[in-house]
Each structure stands twice: as structure tokens, then as C-alpha cells.
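The sequence shown begins at 993 in the working numbering and counts up one residue at a time. Virtual Cβ for every residue (Gly too), placed ideally from N, Cα, C. Remember, predicted model here, so these are calculated numbers, not experimental data.
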Amino acid sequence: MTGGPIAVAGVTVEPGERRDLAPSASESYTGDRTTLPLAAINGAEDGPRLFVTAAVHGDELNGIETCRRLLDRLDPAEVRGAVVVVPIVNVLGVQIGSRYLPDRRDLNRAFPGSHSGSMAARIARLVSDEVIGQSDAGIDLHTAANNRTNVSQVRVAVDDEVAQNLAVAFGAPFVLTAKLRPGSLRAAANERGVPVLTFEGGQPLRFDEDAIDVALRGSLRVMQRLDMIDEAPDPAHQAPMVLNESRWLRADRGGLLELHCGIGDRIVAGQPLWTTTSPLGAERASVDATEEGYVIGATTLPLVQPGQALLHVALPGDRLPAEDDPTDEEDDDPDVLDDW
Ligand SMILES: [Zn+2]
């Protein structure tokens, strides 16, 4: 609980004050400081401390705009508790339009990080110490990975009831309980007892107005649920669909892809999902759903090869087979390998 001054990155923020900070995150080849943009809002009254982070993956831009709009809405005089907003965590990846850091490491596999480790580890440690560790709850904003798009959804740890309740308040169309991925920001926060909602929405390198709107409403609604603000917008969806398992459905044949469903759709057994044809027009494959589910993510590529992930489908309950690990959470990229 706050109430008095708070310290963020060595700077004291008085009650009722907002300070925009730029702690050193790294350095360029020319030796210039690379800084982490960070806004610390210390409310005039007591309350919990919330963090909001975005662009842990440097090509996931929706969260950056969500943070900008969120900061525009928050008046320190009307906030109870404190909010620390980091619109761009992967400051080096964003510079080059890349999910990864320049050394190809995934920042969301480097938490909690260390002072003496890799570039990723050092940035992760800064965020762990100055942003996550002091907080009572957090929201981490993501989009789908390269060549994919996600319906707006909130992902929470399977056994984290606090986060699940906040996720329902958030008001995205879907809430997905998902295993914690080692090294992720969410896993590091969970280790410290800080419940975190991971929001996923839209595709990389774009601003998706719907996803930004859902995330902005959701962030404010979580603050209201935590009694940090009095007023919050209506939820994007009154009753989120809670999903417990998910997996990617993959192509068996290569060719031109025609999807017969889109993100957010409910599918039922027997329903056509996609057709693959050769460039000369011969049908190569026609795939039907084998069970009921919801499409929470999809490829945006019109050409496919065998093994390519096409649809991310989630089911209420635990009815999916376990052999295809569904928990590629926080990256939505079943093909990304941890190569370090
Ligand atoms: Zn991401």
C-alpha cells in the first residue's frame, strides 16, 4: 500500500504527483544512453500499486498506444495508490521493429534477469526491481507474433484466483488460463506474488483500434476493481468466455490457404475450417473441426506449408489432448525456438 512518497528508479514521487522518468536500460554502439520510458503516478490517496507494461516484444505496438491513452486519462489527484506505466520495455527491439533484442534474445524469456547477464537479462532486471517487485498487480500488453493475429484476450495463471477475477473485470471477449512460461515477465511476477494479466490483441507492427480500445477499457476497469479510481468505461464484453486449454491446428498440405473462420469465431465439430489448393487450382486439403472451440488466434499468411500453425483454438474445460503443448503463451508463436 502506498500513501506517502514512493521511490521509482531512484526518484521520489510525492503523493498527487506524476514523474516521467528515463532510467538507463542499455547503451548504443556509440555509447549513448538508451533509456526506459517510464511514468510513475503516485495518487493523492492510499491504495494498491499497479504496473502496466507494453512492447516486451519490440514489434508489438498496440500496447504502446494503449499506455499513451491510459496516461492521458489518469489524474494523480484522482488516483488511490500508484501506477507505474512502461509503454516500451524492449526499447532496443522497438528501434529495429523486431520482436527480439539486437542479439536475438527474447526479453520475455529473460526475467527476472540479472545485473551482470546479457542485454536482455539486464533490462529484465531493471524492470523486475523497479516496476514489478514493488507492485500489487500488473498488466502486460502483447499482440500476436509475426504473421499472426489474436482476438482480444487476457491470459492468467491457472491457479491465480486474484488474477482470474481481475481478468473477468477487464472485460475482454476471452479469458484464457495458461501455464506460466519460465523466464516470462508474468512468471517472474508470479514468483514475487504479484498477480499479472497478460493481454493479447491484434497483430505486430500495427495499431489495431479494437484491441487498443479493449485494452484501455480493461486497464481502467482493473484499476476500478482495485478501488484505485471511481469511474471506468463499460467493458468491451459483458461476460468474457473463460477458456482453459488451447492448441494450434497445423496444415498438413502446402498451397494457397482459404480460411473459413476468423478470430473470435465459435466453431463446432464438422464445420469446415480451411481449404488448401495448389496454385493451379487443384484442391489439396479440406479440413473440418473435430470438436467445439473458439478461434483465439490465426495466421495472416495466405500461403501455407505442412506443419505451419494456422488456427489457435481454445476450449472451455480440459478436453483437448495433451500431446500438442498448447502453452505458447505470451508469444503466440508455436514456432519460435528458445535457441539460447
Ligand atoms: Zn508478445
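Counting only the Cα atoms, GLU1250 lies some 15 Å from PRO1298.
Each of THR1045, SER1120, ARG1060 was checked against the Cα of PHE1103, and the nearest Cα belongs to SER1120.
Set against 8 Å, the gap from the CB of ALA1228 to the closest heavy atom of ligand 1 is not smaller. VAL1214 is positioned such that its CB atom lies no closer than 9 Å to that of GLN1156. Relative to the non-hydrogen atoms of ligand 1, the Cβ of ARG1209 never comes closer than 8 Å to any of them. Residues of the same chain with a CB within less than 7 Å of the CB of ASN1082, apart from the 5 flanking positions on each side, are ALA1047, VAL1048, HIS1049, GLY1050, LEU1093, LEU1099 in chain order. For ILE1088, the three-state secondary structure derived from DSSP is coil. Pairwise C-beta distances place the stretch 1032-1048 in contact with the stretch 1064-1076, as three or more of them are shorter than 8 Å. Residue pairing of ALA1129 in beta bridges, as defined by DSSP: LEU1042. Here THR1045 is not near LEU1197, since their CB atoms are 9 Å or more apart. Of THR1268, THR1282, GLU1283, the smallest CA-CA separation from ARG1276 is found for THR1268.
Counting other Cβ atoms within 10 Å of its Cβ, GLY996 stays below 16 and is therefore classed as exposed. Between GLU1009 and ALA999, the alpha-carbon positions lie close to 12 Å from each other.
The alpha-carbon of ILE1088 is positioned some 12 Å away from that of ASP1095.
At a cut-off of 8 Å, the beta-carbon of HIS1304 does not count as near ligand 1: no heavy atom of the ligand is closer than that.
Annotation: the stretch 1040-1125 contains the following complete segments of the alpha helix (DSSP H) (minimum length 4 residues), in chain order: 1054-1065, 1083-1087, 1111-1119. Excluding five sequence positions before and after LEU1208, the CB atoms of its chain that fall closer than 7 Å to its own CB belong to THR1058, ARG1061, LEU1062, given in chain order.
For THR1292, the closest of ALA1017, ALA1301, GLU1153, MET1220 by C-alpha to C-alpha distance is ALA1301. Across the structure, ARG1117 and THR1282 are spaced so that their CA atoms are roughly 44 Å apart. Under the three-state reduction of DSSP output, ARG1011 falls in the strand class.
If you draw a straight line from the Cα of THR1004 to the Cα of LEU1066, it comes to about 19 Å. For LEU1172, the closest of ASN1182, GLY1163, LEU1053 by C-alpha to C-alpha distance is ASN1182. Around the beta carbon of GLN1230, a 10 Å sphere encloses fewer than 16 other beta carbons of the protein chains shown; the residue is thus reported as exposed. In the structure shown, LEU1265 falls within a strand segment according to DSSP collapsed to helix, strand and coil. Each of HIS1049, GLU1052, HIS1134 has a C-beta closer than 5 Å to some heavy atom of ligand 1; these make up the full list, in chain order.
Distance check between VAL1296 and each of LEU1030, VAL1086, ARG1140, ALA1261 places ARG1140 closest, using alpha-carbon atoms only.
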